[in-house]
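This report concerns only the one structure given below.
There are 2 protein chains.
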Amino acid sequence: MMNRALSIRSSNRSSGASTHSHGSSSTHAAPSRRGFSLSSLRGTIQPELSKRLFRLIKSANNLVSAHETAAKERISIATQLSEWGEQTNDEAISDVSDKVGVILSEMGEQEDTYAHALDDSRGTLKTIRNTEKSVQPSRDGRNKIADEIAKIKAKEPESTKLVVLEQELVRAEAENLVAEAQLTNITRQKLKEAYQAEFIATVERAEKQIILARHGLRLLQLLDDTPVVPGNARPRYENASQARQILNDAEDDLKDWRLPDGLLSTEGSEDGNFTTAGQSTPRQTQRQRSPKSPDGGSVTGGAQNGGGGVAEGKAAEIGA
Amino acid sequence: MMNRALSIRSSNRSSGASTHSHGSSSTHAAPSRRGFSLSSLRGTIQPELSKRLFRLIKSANNLVSAHETAAKERISIATQLSEWGEQTNDEAISDVSDKVGVILSEMGEQEDTYAHALDDSRGTLKTIRNTEKSVQPSRDGRNKIADEIAKIKAKEPESTKLVVLEQELVRAEAENLVAEAQLTNITRQKLKEAYQAEFIATVERAEKQIILARHGLRLLQLLDDTPVVPGNARPRYENASQARQILNDAEDDLKDWRLPDGLLSTEGSEDGNFTTAGQSTPRQTQRQRSPKSPDGGSVTGGAQNGGGGVAEGKAAEIGA
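Residue numbers (our numbering), protein chains in the order written: chain A, 1 to 320; chain B, 1001 to 1320.
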């Protein structure tokens, strides 16, 4: 388990992005190496900068759908199990299968909640993608002026155009400096926020499904599976009230569940030895998703609220 | 959460099964109320007795596929995240996204393992379905003779055929008694086994994904998301060795993980207050799926190994 390398990057490294941030002589995107499938054509209408995240967000949509489907099928199986158990005309199987069905159905509900949390996290990544998209024209504009200056300097070094162009370049570089600061601020904050939310949702689904699975195992213990010989009757089923109690216990445990403390702190988890969630966790603990992200200063606020690039990004978001 | 009723059975109760087990005057299946969709036509070629489980096993197949898809997408997203991070040319984002990618990829592997466990559990349910199928002809045969006796008694009460038919009925009832014992034995054992395996797989996926999510949260803490003002450089990223250490910790925790003790015992979990898995769990604990199921006596062995009905069931299993 997990004995792969400490990186999962594939060996053929793309240099598409560095073309834009370092080179000033060319603003053309690297030619696509993916052929002409529908998905790769869709990818190429995105600016180079936001292309990768655009694809990742599409994959995340498939992930959300898969967990939604799992939730739906789980809930459907729960009902089918209960109804199958009833038609066996075996009181013990009927009762246990119905109550195991209740447990499975709630496991499905938890799966669905998880899918929604993944979708929220996906929405957070879109903010990064939209900022990437809006920063692209700023880089392109600056590079275009720098290219023009280089061209004129080579052909007519004494041209009076150069003074104006160099003033324009200073302005473009100032604008780009702000754009790049917005990009790094948004990217770091939202990347952290998106995956913190995703990991916390993973812990929540996991702990609640553990509660349910353990009570499910208790229910199965109520089903006597000692083989009978033909003609002998089974002992009467007398565990109905115990089975009801197990469901009550499961419901109480889910109600009492709180997110473990310290999930978002740097201390206390360094040794990899985590405390478990349970009744010992105080009730007043509130679920907190991203306590560290600031309210958004002027630098980050600009990228979120203004600019044609962002509006363009919003339109793409609706279509995504 | 889970504030539904203590049963999930739908209110319109089917009486299809009781027709067969109690009534002796009719062996015809109740007319289908589902219209002529492909799935309901497929359902009706199954004997009435195994129809519900046949459908449940089909739904379980969809559930397995959904978790397989989730695993595949998760692993794909992990690589995409790492490669996106690299092209940001931000050393901190590049390192953290790559290592979060490793965590996500391992979460995907756990999801895939879970899907396989669900598929195994589905295979166990097929044993019940096949036994149901093989018991149906025995019930039908007995009912057919009983019907014939009733008919003759009404028309020609002195018929000499009656003696032979009543001998045949005694034999058919003896055969059916064995078949019904096989059915109840297999059904209880395999139902318990299937869902014990499923709940244990749920605990395993959950606990391993909690380990991964918690280390993932530690990784995200290494990413400084304090906003910078335009023109100011970020402090140098110096957390690379810490990030590597977190991946090592995650790998060690997964290696040390053992299934919690007492999952299959009736005692120690009655209060709903479970102990957590962790380093305190002794290493020698072996994963045990169904310690209670016997090796299969003559009664259960017969249903598993012999009879045309079972062979028929096996053929359907391949096609399912």
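Ideal placement from N, C-alpha and C gives every residue a C-beta, glycine not left out.
Counting only C-beta atoms, is B/T1202 closer than 8 angstroms to chain A at any point?
Closer than 8 angstroms to some Cβ of chain A, the Cβ of B/T1202 qualifies, so yes.
Applying the 10 Å Cβ sphere with the 16-neighbour rule, what's the burial state of A/G231?
By the 10 Å Cβ count, A/G231 comes out exposed.
Should A/Q167 be flagged as near chain B, meaning a C-beta pair shorter than 8 angstroms?
No, no contact with chain B.
Measure the alpha-carbon distance for A/S134 versus B/I1077 and round it to whole angstroms.
C-alpha separation (whole angstroms): 23 angstroms.
Going by the C-beta, is A/S59 closer than 7 angstroms to any heavy atom of the ligand HEM?
Absence of the ligand HEM from the depicted structure is noted, as is the absence of any ligand whatsoever, leaving it without description.
Spell out whether any CB of chain A is found under 8 angstroms from the CB atom of B/G1302.
Residue confidence for B/G1302 is low, a pLDDT of 37 falling below 50, so the modelled location carries little weight and cannot support an answer.
Cross-chain neighbours of B/E1156 in chain A, by beta carbon under 9 angstroms
Within chain A, no residue comes near B/E1156; the closest Cβ sits about 33 angstroms away, beyond 9 angstroms.
Sorted by chain position, which residues of the same chain lie with C-beta nearer than 7 angstroms to A/Y237's C-beta, five sequence neighbours on each side aside?
Closer than 7 angstroms at the Cβ level, and outside the excluded window around A/Y237, lie E91, A92 and D95.
Any chain A beta carbon closer than 8 angstroms to B/P1227
True, the Cβ-Cβ gap to chain A drops below 8 angstroms.
CA nearest to the CA of A/T113, picked from A/E198, A/N185 and A/P137:
Considering only alpha carbons, the answer is A/E198.
For B/A1154 and B/Q1136, what's the separation of their Cα atoms in angstroms?
Going from the Cα of B/A1154 to the Cα of B/Q1136 covers about 27 angstroms.
Sub-8 angstroms separation of B/T1131 and B/I1210 beta-carbons:
Result no, Cβ atoms of B/T1131 and B/I1210 do not sit closer than 8 angstroms.
Rounded to the nearest angstrom, what separates B/H1215 and A/T127 at their Cα positions?
Pairing B/H1215 with A/T127, the inter-Cα distance amounts to about 25 angstroms.
Among residues of its own chain, excluding the 5 on either side of A/I152, which ones have a beta-carbon nearer than 8 angstroms to its beta-carbon?
Take A/I152, set aside five residues on each side of it, and the residues of its chain with a beta-carbon closer than 8 angstroms to its own are S159, K161, L162 and L165, in chain order.
How many angstroms separate the CA atom of B/A1066 from the CA atom of B/P1260?
In this structure, the alpha-carbon of B/A1066 lies about 27 angstroms from that of B/P1260.
Excluding the five sequence neighbours on either side, which residues of its own chain have a C-beta within less than 7 angstroms of the C-beta of A/I8, listed in chain order?
The beta carbon of A/I8 is closer than 7 angstroms to none in its chain, skipping five residues each way along the sequence.
Please classify B/T1069 as buried or exposed, where buried requires at least 16 neighbouring CB atoms within 10 angstroms.
Result: buried.
Just mark A/E106 as buried or exposed, buried being the case when its beta carbon has 16 or more other beta carbons within 10 Å.
So A/E106 counts as buried.
So A/W84 and B/L1212 are supposed to be a Cβ contact under 8 angstroms. How far apart are they, rounded?
Rounded, the Cβ-Cβ distance is 35 angstroms, inconsistent with contact.
Cβ separation of A/R192 and B/D1098, assumed to be a contact under 8 angstroms, to the nearest whole Å
The residue you asked about is not Arg; residue 192 of chain A is Lys in the sequence shown. Going by Cβ atoms, the distance from A/K192 to B/D1098 rounds to 15 angstroms, so no, they are not a contact pair.
On the premise that A/G101 lies in contact with A/L81, defined as a C-beta separation below 8 angstroms, what is that separation, rounded to the nearest angstrom?
The pair is a contact, with the Cβ atoms about 5 angstroms apart (cut-off 8 angstroms).
Pair within 8 angstroms by beta-carbon distance, A/N61 and A/R139
No, these two residues do not count as a Cβ contact at 8 angstroms.
Give the DSSP-derived three-state secondary structure of A/S241 in the structure shown.
Three-state DSSP puts A/S241 in a helix.
Would you decide whether A/S241 is buried or exposed? Buried here means 16 or more other CB atoms lie within 10 Å of its CB.
Exposed, since its Cβ has fewer than 16 Cβ neighbours within 10 Å.
Pick helix, strand or coil for B/R1052, following the three-state DSSP scheme.
Looking at B/R1052 - three-state DSSP - the assignment turns out to be helix.
Identify whether B/S1159 lies in helix, strand or coil by the three-state DSSP scheme.
DSSP places B/S1159 outside both helix and strand once states are collapsed to three, so it counts as coil.
Distance check for A/Q221 and A/R234, CA to CA, integer angstroms please.
The straight-line gap from Cα to Cα measures roughly 16 angstroms.
Pick helix, strand or coil for A/G272, following the three-state DSSP scheme.
Here A/G272 scores only 41 on pLDDT, less than 50, and its place in the model should not be relied on; the value that follows carries that caveat. Under the three-state reduction of DSSP, A/G272 is assigned to coil, being neither helix nor strand.
Run through chain B and tell me which residues come within less than 9 angstroms of A/E207, C-beta to C-beta.
The answer, in chain order, is A1206 and I1210.
Less than 7 angstroms between C-beta atoms, sequence neighbours within five positions excluded: which residues of the same chain meet that for A/Q110?
Beyond the five residues adjoining it in sequence on each side, A/Q110 comes within less than 7 angstroms, by CB distance, of R205, K208 and Q209 in the same chain, given in chain order.
Rounded C-beta distance between A/R142 and A/A181? I'm assuming under 8 angstroms.
Not a contact, Cβ separation roughly 14 angstroms.
I think A/V203 touches A/L263, with their Cβ atoms under 8 angstroms apart; what is that distance to the nearest whole Å?
The beta-carbon separation of A/V203 and A/L263, rounded to 7 angstroms, stays under the 8 angstroms limit for a contact.
Assuming B/A1115 and B/A1146 form a contact by the criterion Cβ under 8 angstroms, report the distance between their Cβ atoms to the nearest whole angstrom.
Between B/A1115 and B/A1146, the beta carbon gap of about 47 angstroms keeps them out of contact (Cβ cut-off 8 angstroms).
Is DSSP giving A/R321 helix, strand or coil here?
Shown here, chain A extends from 1 to 320; a query on residue 321 of chain A therefore has no answer.
With a 10 Å radius around its C-beta and 16 neighbouring C-beta atoms as the bar for buried, classify A/P157 as buried or exposed.
A/P157 sits exposed, since fewer than 16 C-beta atoms from the chains shown fall within 10 Å of its C-beta.
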